[in-house]
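Structure record follows, encoded as structure tokens.
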Amino acid sequence: MKSIIAFITLITLTTTTWAQYRNDNSGNNGFPSPYQEYVTFNIAARYGVVFPLGGTKGYIDNVSPTNFALEGEWLFPKRFAIGIKTGYQYNKQRLDRQVYEYGDQSISAVQTRTLSVIPAMVSLSYYFADNAAALRPYVQFAGGGAYVDYTNYFGTLADQSNGFKGAIAPAIGVKYYGKREQGLGAEIQAQYQNIFFNYDLLKNSAPSLMLSAGISYRFY
Amino acid sequence: MNMNMQQQRKAGKWKLGAVLLLLVGGGLLSCRENAINDLSPADSPVYITNYDRSANFSQYKTFSLPDSVIVESNDSYTADQTPLSSRFVTNVANALTGRGFQRVSRGDSADLGVAIIRVNNQYTGIASNPYSYYSNYWGGGFGGLGGVGYSPYYQSYYTYQVTDQYWEIQIVDLKNRPATGTGTGTGSAPPQLTVIYNATIRGADIADQQSVDNAITAIFNQSPYLKAAE
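Protein sequence lines correspond, in order, to chains S and Z.
Residue -3 is where the first sequence starts when you use our numbering, and the numbers rise one by one after that.
Residue 27 is where the second sequence starts when you use our numbering, and the numbers rise one by one after that.
Right, here's the structure in full:
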């Protein structure tokens, strides 16, 4: 690391005109941004809406307005980042009284279908701009698991299944900080999430699309 | 020194993040708990019906239904007559009559025996032998049936066991009952009555007559096969 710093310092000091042309840290002293030299951090908290897809849609067919995402990342100088992400997703749908056939039984009930998800994933992101940039679009792939709680109420009786299941979540997004090296910024993200969970009315697996927006903060 | 402070600041930020996560997460986690808080009394009950797929309901013409209901409390059975239970009996009798069956007076011979049962069990897992209540329920016309056995045709039924109280309607086949005393050689084996129809009202206790009306209407609507021959 020292030799790299020495090298960069040497380059910066010897090729002054080039450095001035190259460095757009708005009147900075010519030293590179710490974001470009060290492992730095970013945390983000976002609110989101979730659109059910596939098997999830067969269980609950409406857009969820109650979702929250929390993400922490280690930003590496080479435009990629490793992170952890969690959050909370909740969706609910009430169906009018209907008769459902379960085996030989006919069950007449008002169903209240709920699905709660708490993801716990590791992410790998590639940014299309350096760590100090004002505008940082990225692609991300996250994998890990999610705690899923499927509770379908028949009237007041609960048909429940829960557990920690495998999950993947590729995403694209943009972080915008206003200007170079600024800490506080905004972020939007589109995330496809597929949890390998199925139970009764939720067939195959539980995919969904989450559109989220919130604040992002980088620091070192 | 400066470095140290910076590290402390960093740690502080992460702690703040963790606290925020716990607060927000904890608040949101209660969502599911509130999911059915807005359920109206009319939407709360669950009506579960089941019947013997091999039974031909058109072979029956008459049914016997006493004016009282059986109250099953753990292992004991008593008869009960309250305005609510009378409403049950009246509604079930009217519904069956509307489907072409004919009610007989107590003690007369009938094709079907209808039992309305109020279950007051205080524990989960009803695994006792709850069949002695048939002994005198349909009156003296079946005098020989004291201590009859009973064989449920279903296996999956007990999935919906809960600790609360519920109502149950059972219809047993009296027409095709085995003759009494013809045990299979052992002499002590009681004849078996077959339950051919079963309905339970779960999820919410029936508290007023309107609930009784709603329940019986729903139960018979989802049981179109309960029909006597024209």
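Every residue gets a Cβ at the ideal spot worked out from N, C-alpha and C, and that includes glycine.
Quick caveat: nothing in here was measured; it's all calculated off a predicted structure.
Range covered by the alpha helix (DSSP H) that runs through residue i
| i | result |
| --- | --- |
| F114 (chain Z) | P109 to G124 |
| P30 (chain S) | P30 to E33 |
| V238 (chain Z) | Q235 to N247 |
| Y55 (chain S) | G50 to Y55 |
Beta-carbon neighbours of residue i, restricted to chain Z and to distances below 8 Å
| i | result |
| --- | --- |
| R93 (chain S) | D69 and A244 |
Contact set between residue i and chain Z, taken where Cβ atoms lie within less than 7 Å
| i | result |
| --- | --- |
| P105 (chain S) | Looking at the sequence provided, one finds Ala at residue 105 (chain S) rather than Pro. Here the neighbours are V72. |
Residue i: contacting residues in chain S (beta-carbon distance under 7 Å)
| i | result |
| --- | --- |
| R228 (chain Z) | L153 |
| I62 (chain Z) | T108, Y149 and T152 |
Listed by chain order, chain S residues near residue i by CB distance under 8 Å
| i | result |
| --- | --- |
| T88 (chain Z) | Here the premise fails: no neighbours, minimum Cβ distance about 25 Å. |
| N76 (chain Z) | D100, Q101 and S102 |
Contacts of residue i in chain S (Cβ-Cβ under 9 Å)
| i | result |
| --- | --- |
| L65 (chain Z) | R90, V106, T108, Y149, G151 and T152 |
| Q248 (chain Z) | V95, S102, I103 and S104 |
| N82 (chain Z) | What N82 (chain Z) touches in chain S: nothing, since even the nearest Cβ is about 16 Å away. |
| R79 (chain Z) | D100 |
Unbroken beta strand (DSSP E) run spanning residue i, endpoints
| i | result |
| --- | --- |
| S90 (chain Z) | T88 to S90 |
| L120 (chain S) | Q101 to Y123 |
| F64 (chain S) | S60 to L71 |
| Q187 (chain S) | L180 to I191 |
| R144 (chain Z) | L138 to V145 |
| Q191 (chain Z) | Q191 (chain Z) -> no beta strand (DSSP E), and no H or E assigned at all. |
| L207 (chain S) | A202 to F215 |
| G83 (chain S) | F76 to Y98 |
| D101 (chain Z) | It is not in any beta strand (DSSP E) - D101 (chain Z) carries neither H nor E in the DSSP assignment. |
| Q85 (chain Z) | Counting along the chain, Q85 (chain Z) falls outside any beta strand (DSSP E), and DSSP gives it neither H nor E. |
| R224 (chain Z) | Reading off the sequence, residue 224 (chain Z) comes out as Asn, not Arg. Looking at the DSSP string, the run of the beta strand (DSSP E) that includes N224 (chain Z) is Q218 to R228. |
| Y195 (chain S) | No beta strand (DSSP E) contains Y195 (chain S), which DSSP labels as neither H nor E. |
| I74 (chain Z) | V72 to Y77 |
| R176 (chain S) | Taken as a continuous stretch (DSSP letters only), R176 (chain S) belongs to no beta strand (DSSP E), as it is neither H nor E. |
| R129 (chain Z) | Q128 to V130 |
Residue i: CB within 6 Å of a non-hydrogen atom of the ligand GDP
| i | result |
| --- | --- |
| I211 (chain S) | No copy of the ligand GDP occurs in the structure displayed, which carries no ligand at all. |
*asked:* What are the residues in the stretch 151 to 172 of chain S lying within 7 Å of chain Z by C-beta distance?
replied: Listed by position along the chain: G151, T152 and L153.
*Is it a yes or a no for the stretch 137 to 151 of chain S touching the stretch 170 to 178 of chain S, going by three-plus beta-carbon pairs under 8 Å?*
By the criterion of at least three beta-carbon pairs nearer than 8 Å, the stretch 137 to 151 of chain S is not in contact with the stretch 170 to 178 of chain S.
*Length-filtered (3 minimum) beta strand (DSSP E) runs lying within the stretch 129 to 171 of chain S*: Listed in chain order, the complete beta strand (DSSP E) runs (minimum 3 residues) inside the stretch 129 to 171 of chain S are 131 to 150.
*the stretch 120 to 152 of chain Z: which residues have C-beta closer than 8 Å to a C-beta of chain S, in chain order?*
Hits within the stretch: zero.
*Could you tell me whether the stretch 116 to 126 of chain Z touches the stretch 63 to 75 of chain Z, where touching means 3 or more Cβ pairs closer than 8 Å?*
No, because fewer than three Cβ pairs between the stretch 116 to 126 of chain Z and the stretch 63 to 75 of chain Z fall closer than 8 Å, the two stretches do not touch.
_Three or more C-beta pairs below 8 Å linking the stretch 200 to 208 of chain S and the stretch 38 to 47 of chain S_ = Three or more Cβ pairs drawn from the stretch 200 to 208 of chain S and the stretch 38 to 47 of chain S lie within less than 8 Å of each other, which places the two stretches in contact.
*Is it true that the stretch 92 to 102 of chain S meets the stretch 50 to 67 of chain S, where meeting means three or more beta-carbon pairs spaced less than 8 Å apart?*
No, the stretch 92 to 102 of chain S does not touch the stretch 50 to 67 of chain S.
_When you compare the stretch 56 to 63 of chain S with the stretch 97 to 104 of chain S, are there three or more beta-carbon pairs, one atom per stretch, that lie closer than 8 Å?_
A contact between stretches requires three or more CB pairs, one per stretch, nearer than 8 Å, and the stretch 56 to 63 of chain S fails this requirement with the stretch 97 to 104 of chain S.
*Does the stretch 88 to 103 of chain Z come within contact of the stretch 111 to 121 of chain S, defined as at least 3 CB pairs closer than 8 Å?*
The way I'd put it, the stretch 88 to 103 of chain Z doesn't touch the stretch 111 to 121 of chain S; fewer than three beta-carbon pairs between them come closer than 8 Å.
*asked:* Does the structure place the stretch 104 to 113 of chain S close enough to the stretch 145 to 155 of chain S that three or more beta carbon pairs sit under 8 Å?
replied: At 8 Å Cβ cutoff, the stretches touch.
_Using a Cβ distance threshold of 8 Å, determine whether the stretch 191 to 203 of chain S contacts the stretch 25 to 37 of chain S, with at least three qualifying pairs required._
Touching, no, given that fewer than three Cβ pairs across the two stretches are closer than 8 Å.
*Would you call the stretch 96 to 106 of chain Z and the stretch 215 to 230 of chain Z in contact, with 3 or more CB pairs under 8 Å?*
Counting Cβ pairs under 8 Å, fewer than three are found: no touch.
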